[in-house]
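Have a look at the structure below, then the notes.
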Amino acid sequence: MACAKLQSGLGTINTQMRSTFSTLNTQVRNTIETMNAQKLVAEYRGDLTSGFFETVIEQSKLIIKKDETKTPADVALYALGEVYVQYDFAGKDYGLSKYYFAKLIKNFPDSSLASEAKTFVSLFDTVAVKDREISILKAELVALSLAQKPEPPREAEMINPAASVAVNEAKQEAVNPEPLVVSQVAKQEAVSPASPPLITPNPEQESVKLAHQVSDNLDFSEAVKKNLLIMEQAGKNPPRDGALYNLGLIYAHIDNPAKDYKKSQNYFRELTRDFPDSPLAKEAQIWLGLFQIFEKMQQIDLEIEQQKKQLTR
9 MACAKLQSGL GTINTQMRST FSTLNTQVRN TIETMNAQKL VAEYRGDLTS GFFETVIEQS
69 KLIIKKDETK TPADVALYAL GEVYVQYDFA GKDYGLSKYY FAKLIKNFPD SSLASEAKTF
129 VSLFDTVAVK DREISILKAE LVALSLAQKP EPPREAEMIN PAASVAVNEA KQEAVNPEPL
189 VVSQVAKQEA VSPASPPLIT PNPEQESVKL AHQVSDNLDF SEAVKKNLLI MEQAGKNPPR
249 DGALYNLGLI YAHIDNPAKD YKKSQNYFRE LTRDFPDSPL AKEAQIWLGL FQIFEKMQQI
309 DLEIEQQKKQ LTR
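Going by my numbering, the first residue of the sequence shown is number 9, and it counts up by one from there.
Structure representation (structure tokens):
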């Protein structure tokens with residue numbers, strides 16, 4: 009009887025130990041995968057900063073070709089999304105950038121990079137909607153201008169309906185906006201990547217490791233406090249640049265109820281001003297470029313509205 013109890017007890021202990029070892033093994037494996045992903049992101053950032061755009065594209069497509077649903081494909085998709093939004097890349101293509109970021113979100117919804125990809129896609133969509141709104145206002149402005157011209161009745165009947173059709177078509181586009189178009193050539197490139205040599209790893213930096221750690225549980229107020237504390241402790245030194253980058257992302261994040269593009273711009277500007285040599289400075293410039301496009305569209309929107317008011321007086 010005692011022997012049976014001892015064997016039963018040992019069996020229970022063995023089961024518990026196996027369960028514990030399995031949990032630890034999973035945690036270690038996840039930690040290694042996270043470290044490898046962070047290292048790969050750092051390598052890509054270094055190559056983008058150096059202008060090796062084609063190298064990043066070829067290397068990323070090689071990874072995706074093997075399996076686009078397993079790590080490190082999430083990093084490769086992120087890198088492709090970033091390279092096609094680089095302001096100094098001759099092959100810049102916002103539609104293709106959105107395509108890769110959307111694929112990252114779909115294939116890796118729990119990736120730490122998916123949060124930033126969502127923010128990129130959100131800003132692309134916001135710009136697209138604003139562009140369609142401007143098209144509507146321009147069509148309405150044309151209609152008002154034509155209506156005020158002293159044309160003969162027949163000509164007016166021929167012109168005004170056309171203007172009305174233009175307005176209705178523009179409004180229909182705004183109601184049913186199409187996603188940013190990716191050219192067939194770009195799609196073919198995404199499907200048929202070349203086979204380049206591997207990228208030589210660059211040294212990993214503390215600030216780059218900090219970046220992208222925005223808010224895993226969408227507690228943005230807590231994330232703001234955390235990054236402000238990092239800035240206070242770092243003074244004028246790294247990883248302050250990483251905290252500035254994160255704060256810029258937090259205030260641009262689609263899910264943040266306190267989203268504030270002005271605050272986001274201010275943090276990105278501070279990063280580019282105080283840390284011009286940081287590998288994150290170039291990414292901050294990308295965000296500032298997108299915000300600048302949005303601001304210009306808002307200004308055009310305002311000018312068209314003012315012209316409409318003058319015509320209707």
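Glycine included, every Cβ here is placed at the ideal spot set by N, Cα and C.
So residue i is in the alpha helix (DSSP H); what residue range does that whole segment cover?
i	result
residue 235	228-242
residue 68	61-74
residue 114	102-115
residue 153	122-155
residue 317	289-319
residue 272	269-282
residue 249	248-258
residue 84	81-91
With the cut-off set at 8 Å, would you say residue i and residue j are in Cβ contact?
i	j	result
residue 116	residue 128	no
residue 126	residue 262	yes
residue 243	residue 279	no
residue 50	residue 68	no
residue 131	residue 251	no
residue 104	residue 95	no
Between the C-alpha atoms of residue i and residue j, what's the straight-line distance to the nearest angstrom?
i	j	result
residue 136	residue 227	28 Å
residue 43	residue 139	A caution first: residue 43 carries a pLDDT of 47, below 50, which makes its placement in the model too unreliable to give a value.
residue 230	residue 253	16 Å
residue 274	residue 306	18 Å
residue 53	residue 90	9 Å
residue 309	residue 145	8 Å
residue 74	residue 56	23 Å
residue 141	residue 154	20 Å
residue 72	residue 63	14 Å
residue 238	residue 301	31 Å
residue 288	residue 247	11 Å
residue 264	residue 70	35 Å
residue 303	residue 285	27 Å
residue 99	residue 112	21 Å
residue 102	residue 60	19 Å
residue 311	residue 321	16 Å
residue 249	residue 48	19 Å
residue 299	residue 276	11 Å
residue 133	residue 97	21 Å
residue 268	residue 58	31 Å
residue 202	residue 281	Confidence at residue 202 is low in this model, with a pLDDT of 38, below 50, so its placement is unreliable and the value that follows should be read with caution. Taking the straight line joining both Cα atoms gives about 37 Å.
residue 66	residue 283	29 Å
residue 236	residue 290	21 Å
residue 240	residue 106	35 Å
residue 233	residue 258	11 Å
residue 319	residue 266	38 Å
residue 76	residue 156	57 Å
residue 245	residue 78	36 Å
Contact criterion: CB-CB distance below 8 Å. Does residue i meet it with respect to chain C?
i	result
residue 96	Of the protein chains in the structure, only one exists, and it is not chain C.
Decide yes or no for the touch test of the region 299-316 against the region 145-153: beta carbon pairs closer than 8 Å, at least 3 of them.
yes
Does the region 79-92 come close enough to the region 119-126 that 3 or more CB-CB pairs lie under 8 Å?
yes
Would the region 266-273 and the region 290-302 be scored as touching if the rule is three or more Cβ pairs under 8 Å?
yes
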